[in-house]
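Novice:
Number of protein chains: 2
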Amino acid sequence: MTVTADPEIRLGKRARAKEANRKAILDAARTVFARIGYEAANIRDIIRETDLASGTFYNYFKSKEEVFEALANDSVARFRPMLQKVREEAKDLESYLHAAYGAYFHFLAEENGDAIENGMPHMSLIGVRIDTPDMQSISDEIRADLEIVMEKIGLDHLDMEYVTAAAIGIAREMGDHMLKRRPLDPTEATEFARKLMLAGIETLAKSPR
Amino acid sequence: MTVTADPEIRLGKRARAKEANRKAILDAARTVFARIGYEAANIRDIIRETDLASGTFYNYFKSKEEVFEALANDSVARFRPMLQKVREEAKDLESYLHAAYGAYFHFLAEENGDAIENGMPHMSLIGVRIDTPDMQSISDEIRADLEIVMEKIGLDHLDMEYVTAAAIGIAREMGDHMLKRRPLDPTEATEFARKLMLAGIETLAKSPR
DNA sequence: TTAAAAGTTGACGGACCGTCACCTTTCTGA
DNA sequence: TCAGAAAGGTGACGGTCCGTCAACTTTTAA
């Protein structure tokens, strides 16, 4: 006899419907964005892909942009634990860069490997040139991580905002290009970025201020 | 007695009006984008800012996006000669990186220094996360330049697409942050990027393939 | 059992879209 | 110089999508 673990039971009918509707809208949006592209898509297209009425959309989201943000935040939510793991396991700067770039490029390859292909704008972290608040917070996390790692080895006198910006800029731009190559090779991209950034940081640290 | 140098004379009334209308629309667009932001702006807002009729807009541009592209291309057109100069004067990799980043960050500072401030999305190269064809061609030019400079010193066995992507990613992301700092210090950003990238490339070149 | 609360529905007024028939201005060449 | 042709400006119009809201249905809770 199940106690109260199953969402079908612990949540009322009303709450379950809400969850389902929200998910239906997000799924529909993913489908529509993939089919005709984010720019071209409109709210009616999305709602038509579900069996809900147009008015219902507005009980869940204010705009197409907000739906996009929710999808992007899903990606961020999936990525964040990886970053957490990277943070915990990193021994030094090199291993941190390796793990962080590795996590990012592999994540990107998996998220977008097939899903995109056609004209769809990047749904995951990359290229979501719409910078959502969640995105910003990832950037902040990385900066904090870098500061910790670099402080350990006495390189914390650098301009950490720029260091982080450079690290992220490399990831974003390289990521775009990596996704266009066949076969997808996130490992290659990881090695490249790691070496580049490591050498850069070490040299900057030595250079006179 | 003026011969035929003055546009007021060498062009017919018709042609002059066309130029003026086009310019009026572009100026209005710049104003409106700056005032209410690119996303929020619509074609009627732009045309209302001129003394033209709505139908006239479509004799010049197909959409708001196309206007944006024209504005972005203006920036690109202003930037391209600088890149040309950098190319001609660069002696080696270090001087090329210095000159190229310098050109970019100073250009950015001048273009956006005041003009932006409020919520306007970046109009110049940076952050125009809408990647226009002209933008792409700048990227290609830089890659070609880097290839030439690096070939001279025997570093041309690297993955030049990734080298270029990294260089541009650093510029884009650092540029965003630079613009948010007061006082604007493009020289600082230039130094940072140059050192980072130079060390990275040299190390990559030495590392076993 | 039933009244209140929550949530859904789709029709509606409003905004912006892109077009096009009409009109004004400029150009051309006789 | 002038008349017919060409270019281009105009704004009203039908169409689409927007976001809202009163009416309705379903769920909850007492």
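So the sequences go chain by chain: A and B. Positions 119 to 327 (my numbering) are the ones given, in order, by the first sequence. Positions 119 to 327 (my numbering) are the ones given, in order, by the second sequence. Cβ coordinates follow ideal geometry from the N, Cα and C atoms, glycine included. Predicted model, so just to flag it, every value in this text is computed and none were measured.
1. Alpha helix (DSSP H) containing N64 of chain A: first to last residue?
2. To be precise: take each residue of the segment 285-296 of chain B, compare its Cβ to all Cβ atoms of chain A, and keep it if any distance is under 9 Å. Which residues remain?
3. Going straight from the alpha carbon of K203 of chain B to that of T149 of chain A, what length do you get?
4. Taking the straight line between their C-alpha atoms, what separation do you get for R300 of chain B and S255 of chain A?
5. If you pair each beta-carbon of the segment 174-185 of chain A with each one of the segment 137-149 of chain A, do three or more pairs fall below 8 Å?
6. Cβ of K141 of chain A less than 7 Å from any chain B Cβ?
7. Cβ closer than 9 Å: which chain B residues qualify as neighbours of M315 of chain A?
8. Using a Cβ cut-off of 7 Å, pull out every chain A residue sitting near D277 of chain B, in sequence order please.
9. Helix, strand or coil: which one does DSSP assign to G299 of chain B?
10. Can you tell which of A:E279, A:M296, A:R312 has the C-alpha that lies nearest to the C-alpha of E212 of chain A?
11. Is R132 of chain A buried or exposed, if buried means 16 or more other CB atoms sit within 10 Å of its CB?
12. Which residues, taken in chain order from the segment 211-229 of chain B, show a beta carbon closer than 8 Å to some beta carbon of chain A?
13. Buried or exposed: where does L208 of chain B fall if 16 or more other Cβ atoms within 10 Å of its Cβ makes it buried?
14. How would you call P251 of chain A, buried or exposed, if buried means at least 16 neighbouring beta carbons within 10 angstroms?
15. Does any residue of chain B have a CB that is nearer than 7 Å to the CB of N236 of chain A?
16. Suppose contacts are defined by Cβ-Cβ distances below 7 Å. Is G287 of chain A in contact with R290 of chain B by that definition?
17. Determine, using beta carbons only, whether T282 of chain A and I260 of chain A come nearer to each other than 7 Å.
18. List, in order along the chain, the chain A residues whose C-beta lies closer than 7 Å to that of T305 of chain B?
19. Name the chain A residues that come within less than 7 Å of T321 of chain B, Cβ to Cβ?
20. Quick one: residues in its chain with C-beta nearer than 8 Å to the C-beta of D210 of chain B, no 5 flanking neighbours on either side, listed in chain order?
21. Please work out which residues of its chain come closer than 8 Å, Cβ to Cβ, to L129 of chain A, disregarding the five sequence neighbours upstream and downstream, and give them in chain order.
22. Identify the continuous alpha helix (DSSP H) that holds I271 of chain A and give its terminal residues.
23. Within the 7 Å Cβ cut-off, does S172 of chain B reach chain A?
24. Just how far apart, CA to CA, sit F223 of chain B and A152 of chain B?
25. Could you tell me the distance, in whole angstroms, from the CA atom of G155 of chain B to the CA atom of I165 of chain B?
26. Quick check on the burial criterion: 16 or more other C-beta atoms within 10 angstroms. Buried or exposed for A135 of chain B?
27. Given that S325 of chain A touches chain B, what residues does it touch there, using C-beta distances under 7 Å?
28. Got a sec: does the ligand GTP put a non-hydrogen atom nearer than 6 Å to the Cβ of A152 of chain B?
29. So, at 6 Å on beta carbons, what are the nonlocal neighbours of D263 of chain B in its own chain, with the 5 sequence-adjacent residues on each side left out?
30. Check whether the Cβ of Y116 of chain B lies closer than 7 Å to any Cβ atom in chain A.
31. Indicate the three-state DSSP secondary structure (helix, strand or coil) for L314 of chain A in the structure shown.
32. Can you list, in chain order, the residues of its chain with a C-beta nearer than 7 Å to that of L215 of chain B? Leave out the 5 residues immediately preceding and following it.
Specialist: With the given structure in hand:
1. An answer regarding residue 64 of chain A cannot be provided, because it is not within the stretch 119 to 327 covered by chain A.
2. If the cut-off is 9 Å between Cβ atoms, the segment 285-296 of chain B has A285, I286, G287, I288, A289, R290, E291, M292, G293, D294, H295, M296 near chain A.
3. Straight-line measurement puts the Cα of T149 of chain A at about 47 Å from the Cα of K203 of chain B.
4. Going by C-alpha positions, R300 of chain B is about 22 Å away from S255 of chain A.
5. Three or more beta-carbon pairs separated by less than 8 Å link the segment 174-185 of chain A to the segment 137-149 of chain A, which places the two stretches in contact.
6. Output row for K141 of chain A: interface = no.
7. For M315 of chain A, the neighbours in chain B by C-beta distance under 9 Å run, in chain order, A284, L314, G318.
8. Simply F310.
9. It should be pointed out that residue 299 of chain B corresponds to Arg in this sequence rather than to Gly. Looking at R299 of chain B - three-state DSSP - the assignment turns out to be coil, as it is neither helix nor strand.
10. That would be A:R312, whose Cα lies nearest to the Cα of E212 of chain A.
11. Residue environment: R132 of chain A is assigned as exposed (fewer than 16 neighbouring CB atoms within 10 Å of its CB, all protein chains considered).
12. Residues of the segment 211-229 of chain B whose Cβ lies closer than 8 Å to any Cβ of chain A: none.
13. Contrary to the premise, residue 208 of chain B reads as Ala rather than Leu in this sequence. Buried, because 16 or more other Cβ atoms sit within 10 Å of the Cβ of A208 of chain B.
14. Exposed, by the Cβ-count rule.
15. Note that N236 of chain A scores a pLDDT of 42, beneath 50, so its modelled location is shaky and nothing firm can be said.
16. Yes, Cβ-Cβ distance for G287 of chain A and R290 of chain B is below 7 Å.
17. Against a cut-off of 7 Å, the Cβ pair of I260 of chain A and T282 of chain A comes out as a contact.
18. Taking a Cβ-Cβ cut-off of 7 Å, T305 of chain B has no neighbours in chain A, whose nearest Cβ is about 13 Å from it.
19. In chain order: K313, A317.
20. Correct list, in chain order: V267, K270, I271.
21. Once the five neighbours on either side are set aside, the close Cβ partners of L129 of chain A are E137.
22. Segment: none, I271 of chain A is in no alpha helix (DSSP H) and carries neither H nor E.
23. No, because no Cβ of chain A sits closer than 7 Å to the Cβ of S172 of chain B.
24. Going by the C-alpha atoms only, they are around 21 Å apart.
25. A direct Cα-to-Cα measurement between G155 of chain B and I165 of chain B gives close to 15 Å.
26. Exposed, since its Cβ has fewer than 16 Cβ neighbours within 10 Å.
27. Under the 7 Å cutoff, chain B gives K313.
28. The ligand GTP is not part of the structure shown, which contains no ligands of any sort.
29. Counting only Cβ-Cβ distances below 6 Å, and skipping sequence neighbours, we find R205.
30. This structure leaves residue 116 of chain B out entirely; chain B is present only between 119 and 327.
31. Here DSSP, grouped into helix, strand and coil, assigns L314 of chain A to helix.
32. Around L215 of chain B, the same chain offers R312, M315, L316 as residues with beta carbons nearer than 7 Å, after the five sequence neighbours per side are excluded.
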